[in-house]
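Enquirer:
Numbering (the working numbering), first residue to last: 2 to 241.
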């Protein structure tokens, strides 16, 4: 809940959009890699039947912009009016829906199937109650295996190089980790089965400015099984 309240502040939203995701930054480069993967995934999984995208915790609409032209309709859901205003300002094309921080699980708009639910940069920094609420929303939007896909991001894999910093950051409120097993258990609890997993960076932001580290990252992340140790991971899932 504290994490969601951060982005009620316009200056935090500006920093997120223009500093965290500044061109050639660590987050920006990961976003470019994710964009290529997601567009290929949608083309492969949905073919000519363009899905409706429901982007939960949509923020400034980065996942929505990633799939412009690949979905027939997009809906963004967030607790922050400031985030959704910025999303529209920077050219994210969607219908925006403000949801309460607490209370009943929000209802996805009934816009037909197939459906693609996306959740980016949410699960890591929130508590279990918020994670369960988000997954319950996904379960409402995807009631059965044929309804479509859920794509979730974990940008702090506990089995990655980032874990070496855990002791140094022990007790800091914004340093968190999630293991693959925790993601699997969360999804399973809500009736989802992971069908694909993909890693996007083997190095941490601190190594991003090192040219040799970036070359090594480019080589290693293409090796089979490297997603096990990637810092940033996407999981694609269906209802079981």
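For each residue, glycine too, the CB sits at the ideal point set by N, CA and C.
The structure presented is a predicted model; accordingly, all values stated were derived computationally and were not measured.
Suppose the cutoff is 7 Å on Cβ atoms and the five residues either side in sequence are ignored; what does the same chain contact list for residue 228 look like?
Expert: Locating residue 228 in the chain shown gives position 227, where the first residue counts as 1. Excluding positions up to five away in sequence, the list reads 198, 199, 200, 234.
Enquirer: CB of residue 204 to nearest heavy atom of the ligand NAD: below 7 Å?
Expert: In terms of ligand content, the structure shown is empty, and the ligand NAD therefore cannot be addressed.
Enquirer: Determine the direct distance from the alpha carbon of residue 142 to that of residue 133, and round the result to whole angstroms.
Expert: Counting from 1 along the chain shown, the entry for residue 133 is found at position 132. Counting from 1 along the chain shown, the entry for residue 142 is found at position 141. In a straight line, the C-alpha of residue 133 is about 14 Å away from that of residue 142.
Enquirer: Just the C-alpha distance for residue 65 and residue 213, rounded to the nearest angstrom, thanks.
Expert: Numbered from its first residue, the chain shown carries residue 65 at position 64. Numbered from its first residue, the chain shown carries residue 213 at position 212. Cα-Cα distance, rounded: 32 Å.
Enquirer: Does the region 113–129 come within contact of the region 62–76, defined as at least 3 CB pairs closer than 8 Å?
Expert: The region 113–129 vs the region 62–76: in contact.
Enquirer: Give the secondary structure of residue 16 by DSSP, where H, G and I count as helix, E and B as strand, and everything else as coil.
Expert: Within the chain shown, the letter at position 15 stands for residue 16. Correct three-state label for residue 16: helix.
Enquirer: Can you check DSSP and say which residues form a bridge with residue 202?
Expert: Here residue 202 refers to the residue found at position 201 when the chain shown is read from its first residue. Answer is 233, bridged to residue 202.
Enquirer: Check residue 195 in the structure and name its three-state DSSP category.
Expert: Counting from 1 along the chain shown, the entry for residue 195 is found at position 194. Looking at residue 195 - three-state DSSP - the assignment turns out to be strand.
Enquirer: Just mark residue 44 as buried or exposed, buried being the case when its beta carbon has 16 or more other beta carbons within 10 Å.
Expert: In the chain shown, the residue the question calls residue 44 occupies position 43. By the neighbour-count rule (16 or more Cβ atoms within 10 Å), residue 44 is not buried but exposed.
Enquirer: Using the C-alpha atoms, what's the distance from residue 87 back to residue 56?
Expert: Counted from its first residue, the chain shown places residue 56 at position 55. Counted from its first residue, the chain shown places residue 87 at position 86. Straight-line Cα distance between these residues: approximately 15 Å.
Enquirer: Mapping the DSSP letters down to three states, classify residue 57 as helix, strand or coil.
Expert: Numbered from 1 along the chain shown, position 56 holds the residue referred to as residue 57. It is a strand residue.
Enquirer: By the DSSP assignment, the alpha helix (DSSP H) with residue 155 in it spans what residues?
Expert: Residue mapping note: residue 155 aligns to position 154 of the chain shown, counting from 1. Premise fails: residue 155 lies in the beta strand (DSSP E), 149–155, not in any alpha helix (DSSP H).
Enquirer: Would you kindly work out how many angstroms separate the C-alpha atoms of residue 196 and residue 46, rounded to a whole number?
Expert: Stepping through the chain shown from its first residue, residue 196 is reached at position 195. Stepping through the chain shown from its first residue, residue 46 is reached at position 45. Taking the straight line from one Cα to the other gives about 11 Å.
Enquirer: Which residue spans inside the region 30–110 form an unbroken beta strand (DSSP E) run of at least 3?
Expert: For the region 30–110, whole beta strand (DSSP E) runs of length 3 or above, ordered along the chain, are 53–57, 74–79, 96–99.
Enquirer: Check for me: the beta strand (DSSP E) holding residue 117 runs from which residue to which?
Expert: Position 116 of the chain shown holds residue 117. Here the beta strand (DSSP E) through residue 117 covers 116–120.
Enquirer: In three-state terms, what does DSSP make of residue 162?
Expert: Mapped onto the chain shown, residue 162 falls at position 161. Helix at residue 162.
Enquirer: So is residue 154 buried or exposed if we call it buried at 16+ other beta carbons inside 10 Å?
Expert: In the chain shown, the residue the question calls residue 154 occupies position 153. By the 10 Å Cβ count, residue 154 comes out buried.
Enquirer: Name the DSSP beta bridge partners of residue 179, please?
Expert: To locate residue 179, count along the chain shown from 1; it is residue 178. Residue 179 pairs with 158.
Enquirer: If we count the other Cβ atoms within 10 Å of its Cβ and call it buried at 16 or more, is residue 111 buried or exposed?
Expert: Translated into the one-based positions of the chain shown, residue 111 becomes position 110. Counting Cβ neighbours within 10 Å, residue 111 comes out exposed, since fewer than 16 surround it.
Enquirer: Taking Cβ to Cβ, would you say residue 231 is nearer than 8 Å to residue 203?
Expert: Looking up residue 231 in the chain shown gives position 230. Looking up residue 203 in the chain shown gives position 202. Going by C-beta atoms, residue 231 is nearer than 8 Å to residue 203.
Enquirer: Among 62, 25, 67, which residue has its Cα nearest to the Cα of residue 42?
Expert: Here residue 42 refers to the residue found at position 41 of the chain shown. Taking only the C-alpha atoms, the option nearest residue 42 is 67.
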